[in-house]
Every structure is written in C-alpha cells, then in structure tokens.
Amino acid sequence: MKHERATLPTPTSSNSFWHSEPNEFLIRHRTTEQLPAEADIVIVGSGITGTSAARFLAEDERAEGKSIVLLEAREACWGATGRNGGHCQPLLFDRSAEVAAFEMKNVHAVRSYIKKNNVPCEWRDVSGCRSFWTEEVMSEAEKEIAHLEKVAPALRSLVTIIRDKEELKKHRVSPEAVGVTLSQGAASLWPYKLVTFTLEQLIKAGQLNLQTNTPVNEITSTDGKHTLHTDRGAINAKKVILATNGYVSALLPHFADLIVPVRGEMSALLPPKGSTILSDSHGMVGALGQPANNDDYLVQRPFEGVPNPRGHLMFGGGRGAGHLPAIGVSDDSIIDEDSAAYLRGALLKVLELDGETEGLKELEAVGQWTGIMGYSRDDHPWVGKVPDREGLWLSGGYTGHGMPNTTLCGKAVVDMLLGEEAGQDLGTLQAQMVQSGDIPSSYLLTKERIERARAFLTVQQQDEQGVHMRGVV
Numbered sequence: 048m049k050h051e052r053a054t055l056p057t058p059t060s061s062n063s064f065w066h067s068e069p070n071e072f073l074i075r076h077r078t079t080e081q082l083p084a085e086a087d088i089v090i091v092g093s094g095i096t097g098t099s100a101a102r103f104l105a106e107d108e109r110a111e112g113k114s115i116v117l118l119e120a121r122e123a124c125w126g127a128t129g130r131n132g133g134h135c136q137p138l139l140f141d142r143s144a145e146v147a148a149f150e151m152k153n154v155h156a157v158r159s160y161i162k163k164n165n166v167p168c169e170w171r172d173v174s175g176c177r178s179f180w181t182e183e184v185m186s187e188a189e190k191e192i193a194h195l196e197k198v199a200p201a202l203r204s205l206v207t208i209i210r211d212k213e214e215l216k217k218h219r220v221s222p223e224a225v226g227v228t229l230s231q232g233a234a235s236l237w238p239y240k241l242v243t244f245t246l247e248q249l250i251k252a253g254q255l256n257l258q259t260n261t262p263v264n265e266i267t268s269t270d271g272k273h274t275l276h277t278d279r280g281a282i283n284a285k286k287v288i289l290a291t292n293g294y295v296s297a298l299l300p301h302f303a304d305l306i307v308p309v310r311g312e313m314s315a316l317l318p319p320k321g322s323t324i325l326s327d328s329h330g331m332v333g334a335l336g337q338p339a340n341n342d343d344y345l346v347q348r349p350f351e352g353v354p355n356p357r358g359h360l361m362f363g364g365g366r367g368a369g370h371l372p373a374i375g376v377s378d379d380s381i382i383d384e385d386s387a388a389y390l391r392g393a394l395l396k397v398l399e400l401d402g403e404t405e406g407l408k409e410l411e412a413v414g415q416w417t418g419i420m421g422y423s424r425d426d427h428p429w430v431g432k433v434p435d436r437e438g439l440w441l442s443g444g445y446t447g448h449g450m451p452n453t454t455l456c457g458k459a460v461v462d463m464l465l466g467e468e469a470g471q472d473l474g475t476l477q478a479q480m481v482q483s484g485d486i487p488s489s490y491l492l493t494k495e496r497i498e499r500a501r502a503f504l505t506v507q508q509q510d511e512q513g514v515h516m517r518g519v520v
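Just so we're aligned, residue 48 is where the sequence shown starts under the working numbering, counting upward by one.
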C-alpha cells in the first residue's frame with residue numbers, strides 16, 4: 048500500500064484562538080537577518096517539542112558554545128501546539144504503567160518550569176474527568192484500571208471510578224453517561240504562551256537563533272553532514288532534530304506510513320451567562336454517537352485573574368460528525384463545518400452547565416479552527432536517531448496526546464544526541480534512560496520497531512475499524 052507523504056505546513060491557516068494574543072517579539076522574528084550558512088545543531092519546528100529541545104540544549108553544559116538554529120515554517124508555535132486543546136493530562140490506564148509514569152513525570156516537569164519562571168500561561172491544576180457513554184467503553188476502562196491495580200497500585204490510587212448518577216452531577220456530567228473516571232495530576236493551560244515565553248527567553252539570552260517563516264523544503268545528507276534547503280538558502284549542520292510531528296514525512300518520506308497527519312477540530316465557546324467555572328477538565332468517550340475511538344475534550348479558561356478572562360470553553364473533537372477527510376490531511380486552513388456545528392451544540396447535552404441555559408441550542412463560538420496531529424502507527428511517539436541517517440534525530444508522532452509527553456521527549460532526544468556525541472554507546476545510554484524513567488522503552492526509535500509497526504494495520508485502517516486513537520489536538 049502506497050502512503051502519501053505529508054505536505055509542508057500551509058502558508059495560511061485557520062485562526063486559532065490561542066493566537067489571539069500573539070507574542071509581538073516573535074511575530075516575523077528572525078534573530079539574524081540572513082539565514083546562517085551553518086550551525087552545530089538545527090532544530091526544525093517551534094512547537095513544544097522543538098522549543099523544549101532548544102531549552103534543554105541551552106541548560107546542558109555539554110552544549111556550551113554550540114550554535115543552535117531553530118527553523119519554523121510559519122510564525123513561532125503556529126502548528127499543533129498553538130492549535131491544541133489546552134490539556135496537559137496524563138492518561139494513567141490507557142497504555143502501559145511505564146508510559147503513565149513518564150506522563151506524570153512530564154506534567155510535573157512542565158508545572159515546575161512554569162512555577163519557577165512565573166510563566167503567564169493560565170496553568171490550572173485540575174482533575175481529569177473522562178466520561179464514558181456506552182457500557183462497552185465503560186467496562187473496558189474498568190478492566191484497564193483493574194490491570195493497573197495489579198501492575199502499578201500507586202498509579203491506580205490516582206484514579207477514581209464513578210457510576211452513581213448523583214455523583215456524576217457533582218462533576219457536571221449528564222446522568223446519561225454510564226460513568227466517569229477521575230484522574231489526579233491533570234492541568235489546563237494556554238500552550239502558545241508557554242512556548243513563546245520560553246523562546247523569547249532563549250533568544251534574548253543569546254542561546255538560540257530563531258528563523259520564522261522559513262520552511263524546510265528538503266534535507267539532503269552527505270558524509271555525515273546535513274543540508275537543509277529553504278527558499279532563503281541552505282544551512283548545513285552535523286546534527287538535526289526534527290520536531291515537526293504530523294509533518295515529519297514531508298522531510299522523511301519513508302515515515303509516511305509511521306507518522307500520519309490527522310486534522311482535528313477545535314473551538315473557543317462562550318459559557319452560558321451566569322455559569323460557574325468547571326473544576327475538572329473533560330474527555331468524552333463515545334458521547335452523542337461519536338466513534339468510541341475518537342474522544343471529545345474540554346478545558347475551561349479562568350473567569351478572573353488573567354487578561355481577557357471570559358472563561359472560554361475550549362472544546363475539541365467532533366470528528367465523527369464531520370464529513371471532510373481527516374486522516375492523511377496536512378491542511379489546517381480548512382474547517383469542517385459539520386464538526387464545528389457539533390462542537391457548538393454538544394456541551395449543552397453532555398454536561399450539566401449552569402447559568403442561563405434554557406432555550407439554548409448551541410453556544411456562541413468566538414473561535415473555530417483546525418490543527419494537524421501526528422498519529423503513530425503503533426500508538427507511541429518515536430524518539431531517537433533516524434536509522435541510516437547519522438546525525439538526524441526525531442521526536443514526534445504523539446497521536447493527539449502531546450502535552451503530557453513532549454517536554455521530556457525533547458529532553459530525551461537532546462540527552463541521546465549529546466551523550467552519543469560525548470562517546471557513549473547509544474544503546475547503552477538508552478537502556479539507562481529507560482531504567483531511570485527518562486523515556487519509555489516503547490518510544491525508542493529503532494529499525495526493529497519500524498519493522499514491527501509495519502506489520503500493524505495502517506493508521507487509516509485502525510481508524511476505520513475503531514481502534515482507539517486519542518485525538519486531542
């Protein structure tokens with residue numbers, strides 16, 4: 048089966064609410080007027096993965112004195128991180144306990160950085176409330192939690208199962224739901240503001256050269272050196288980190304079947320007049336006839352204490368209601384009007400929203416947009432060195448679940464790159480990192496894993512057959 052490679056990010060894109068308060072320092076930013084002819088390390092992509100990699104390089108004494116250039120096709124953080132759902136929620140029972148522990152560690156790292164640096168990004172600690180709308184999906188969740196009890200009781204203690212209808216109402220969930228799980232350790236935030244804060248700090252400290260509006264059209268490699276070709280000229284580097292997620296195969300065509308672009312829909316909705324803030328973030332599994340393998344997801348902005356505090360309901364999903372193709376789509380300039388209509392109306396049915404709701408058929412949208420996720424064929428991110436391309440590194444394929452993974456995946460790829468450069472054996476180093484919880488073994492990029500993944504159903508086939516894929520932009 049032939050798999051189409053991703054296209055480069057479209058020059059124009061749908062208007063994300065998260066970009067409504069842009070970082071003026073970074074708009075059209077180019078640290079140097081001309082594109083440097085060479086750099087020690089080039090990072091491609093300025094979302095949270097690429098920005099995290101740049102930050103950890105700046106903090107690591109092994110990289111002292113190295114020139115770091117970050118290339119971005121559009122404005123800074125204009126891809127998935129600037130278009131997502133605002134969640135930072137570890138999934139504690141969906142994958143292995145090793146992955147759950149890593150996601151908890153990642154969320155803690157993000158929280159710590161934000162608190163230490165007073166990053167104004169609306170970070171709010173919440174419980175993660177996932178509602179299940181059929182007995183089948185609820186029972187499956189309970190089985191996964193029972194397994195978690197056996198293998199990782201400490202993680203299991205962070206999850207509460209609720210089926211009682213009155214208890215559901217306390218979490219503002221309609222009693223039409225079969226039940227919910229409540230997970231500790233979740234958060235909501237304004238991701239664009241986190242990333243752009245970090246980028247601005249690095250640039251002003253002289254630790255990063257950022258070149259926006261500089262798409263990389265191709266990477267050619269000769270004798271261990273890589274040339275990144277752009278419309279503004281070429282830049283050479285011995286080390287390259289690809290942090291392009293859903294767009295990976297535009298530059299690595301042989302990854303077209305391993306990391307597939309998938310378009311997701313998002314909205315910013317005004318809450319009913321007189322309503323009070325939700326205490327939880329929400330995920331909805333199988334609600335209102337949506338496929339059980341594509342969740343809807345919601346966080347709420349604060350009502351007070353921040354600029355522009357409208358308490359917007361940041362709600363995404365609705366792919367089952369849409370009629371435009373999503374799998375294999377790299378274009379985020381288009382909105383699926385049917386998915387958008389679903390998002391405007393669904394919360395009045397699945398949640399017990401208070402305030403003036405009588406007669407309301409849908410909520411007012413102040414923003415509707417799309418973003419491109421990178422779905423992994425084996426449902427795990429790919430982190431490590433690209434086989435047979437010495438000096439080329441990758442971190443991507445988060446399957447719509449990037450925020451609880453990307454910061455420490457960015458750190459992991461930096462640790463691998465610098466460790467190998469210092470003479471460490473990469474396989475031994477990776478084994479040590481797995482042992483210390485710095486990267487799950489299932490995330491490591493190896494030839495063997497590529498071969499295993501290609502024995503699986505394709506991303507398109509998995510979607511058609513209802514295999515669960517997270518889908519949170």
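Beta carbons are placed, not taken as given, at the ideal position from N, Cα and C, and that holds for glycine.
- For Ser178, the CB contacts under 6 Å within the same chain, skipping 5 residues up- and downstream, are Val220, Ala224, Val227 and Met331 in chain order.
- Taking C-beta atoms under 8 Å as the contact rule, Leu299 and Ala500 fail to qualify, at a distance of about 14 Å.
- When the beta-carbon positions are compared, Val376 and Arg310 come within less than 7 Å of each other.
- Looking at the DSSP output, Met420 shares a beta bridge with Val309.
- Counting the other CB atoms within 10 Å of its CB gives Val154 a total of 16 or more, which places it among the buried residues.
- Per the DSSP secondary-structure output, Gly330 pairs in a beta bridge with Arg177 and Tyr344.
- The beta strand (DSSP E) runs lying completely inside the region 98-139 and spanning 3 residues or more are 115-118, given in chain order.
- Taking one beta carbon from each stretch, the region 231-238 and the region 157-172 have 3 or more pairs nearer than 8 Å; the two touch.
- With fewer than 16 other CB atoms across the displayed protein chains lying within 10 angstroms of its CB, Ser186 is exposed.
- In this structure, Gly358 sits away from Ser386, with a CB-CB distance that is not shorter than 7 Å.
- Pairing Met450 with Cys135 gives a Cβ-Cβ distance under 7 Å.
- Its Cα nearest to that of Ala148, the residue Ile486 stands out among Asp107, Ile486, Glu51 and Asp87.
- In this structure, DSSP gives Leu439 an extended state, which the three-state scheme calls strand.
- Taking C-alpha positions only, Glu403 is separated from Lys212 by approximately 23 Å.
- Ile161 and Val173 have their alpha carbons spaced roughly 16 Å apart.
- Taking Lys494 as the centre and dropping the five residues before and after it, the same chain places the C-beta of Pro434 closer than 8 Å to its C-beta, in chain order.
- In this structure, Gly444 lies away from Gly418, with their beta-carbon atoms at least 7 Å apart.
- Under DSSP, Gln258 shares a beta bridge with Arg77 and Leu118.
- Nearest to Asp107 by C-alpha distance, out of Ser483, Gly513, Gly457 and Gly474, is Gly457.
- Annotation: the continuous beta strand (DSSP E) that includes Leu229 extends over Gly226 to Ser235.
- The three-state reading of DSSP puts Leu398 in strand, counting E and B together.
- Its chain contains Ser61, Glu312, Gln415, Trp416 and Thr417 as the residues whose beta carbon lies nearer than 8 Å to that of Ile382, once the 5 sequence neighbours on both sides are disregarded; these appear in chain order.
- Contact between Leu289 and Gly92 holds, since their C-beta atoms are separated by about 7 Å, short of 8 Å.
- Assignment of Asn452 by DSSP, reduced to helix, strand and coil, places it in the coil class.
- Segment contact: the region 75-84 against the region 326-346, fewer than three CB-CB distances shorter than 8 Å; contact not assigned.
- In the displayed model, Glu265 falls within a strand according to three-state DSSP.
- A Cβ-Cβ distance of about 14 Å is found for the pair Thr446 and Thr96, leaving them out of contact under the 8 Å criterion.
- Using a Cβ-Cβ distance cut-off of 8 Å, the region 122-135 and the region 242-256 are in contact, since at least three pairs of beta carbons, one from each stretch, lie closer than that value.
- Assigned with DSSP and collapsed to three states, Gln415 falls in strand.
- Proximity to Gly280 across Thr261, Val295, Pro372 and Ser268 peaks at Thr261, based on C-alpha coordinates.
- Linking Ser296 to Leu335 through their CA atoms gives a straight-line distance of about 34 Å.
- With a beta-carbon spacing of about 6 Å, Val116 and Ile282 fall inside the 8 Å limit used to define contacts.
- Taking C-alpha positions only, Phe362 is separated from Leu316 by approximately 7 Å.
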